[in-house]
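Report on one structure; see the data block that follows.
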Ligand SMILES: *Cc1c(COP(=O)(O)O)cnc(C)c1O
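Residue numbers (this note's numbering): 527 to 748.
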């Protein structure tokens with residue numbers, strides 16, 4: 527069940543801190559999305575390509591759709607028209623494919639570099655050296671249909687708040703380093719996407735500019 531009271535409280539707090547809210551609506555029905563839309567929410571996040579394509583086709587056109595899950599290259603085509611920000615730029619090969627599909631429809635797609643900051647093996651993401659070599663490459667320089675806007679990461683799922691804090695700190699440092707080295711002249715390389723329902727207060731303390739919140743707003747997922 528959508529928790530509208532929670533939404534108002536959270537939104538007010540985030541606005542005061544200058545932090546953007548992505549309402550993560552994956553697996554949830556369109557009616558639930560509309561109830562937050564009616565409260566003024568415009569940014570929603572999904573992690574399945576076909577699900578986002580379907581929801582974006584049916585829901586109001588002024589919704590900004592963010593894609594937050596690992597995206598297989600053969601599914602890029604499903605999201606290329608609707609995506610406003612791809613949080614999960616987690617490999618050079620995927621980013622290259624996004625550029626190629628964006629070019630076909632003559633648009634520029636904004637995306638974040640997803641870094642692996644958690645200890646868990648299952649999490650996708652780039653390492654610093656991999657990102658450096660990609661950003662230095664001629665192949666990247668030639669990608670005219672993507673625009674990098676910042677970084678994204680997920681902390682380890684643990685009760686150890688000091689570990690979570692250390693991982694968010696690491697992402698913030700990676701952001702600063704990459705910004706200084708590669709994007710010093712690009713003012714809108716300014717997004718640090720970190721923090722979910724269970725850890726967003728720590729993420730904000732560590733410099734998050736955009737949180738991705740699902741279950742706290744929509745209720746638990748099956
Ligand atoms: C599901 C998901 C979220 C939201 O998780 P909650 O714990 O429900 O807030 C945030 N980011 C990503 C990448 C997700 O897949």
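Where a beta carbon is used, it is the ideal one built from N, C-alpha and C, also for glycine.
Going down the chain, each residue whose beta-carbon is closer than 5 Å to a heavy atom of ligand 1 shows up: 550, 573, 594, 722, 723, 738, 739, 740, 741. According to DSSP, residue 738 shares a beta bridge with 548. When secondary structure is reduced to three states using DSSP, residue 732 falls in the coil class, being assigned neither helix nor strand. Linking residue 676 to residue 575 through their CA atoms gives a straight-line distance of about 21 Å.
The straight-line gap separating the alpha-carbon atoms of residue 655 and residue 662 is approximately 11 Å. In the three-state scheme derived from DSSP, where H, G and I count as helix and E and B as strand, residue 575 is classed as helix.
A distance of 9 Å or more separates the beta carbons of residue 696 and residue 730.
Scanning the segment 643-668 for uninterrupted alpha helix (DSSP H) segments of 4 residues or longer gives 654-662, 664-667, listed from N- to C-terminal end.
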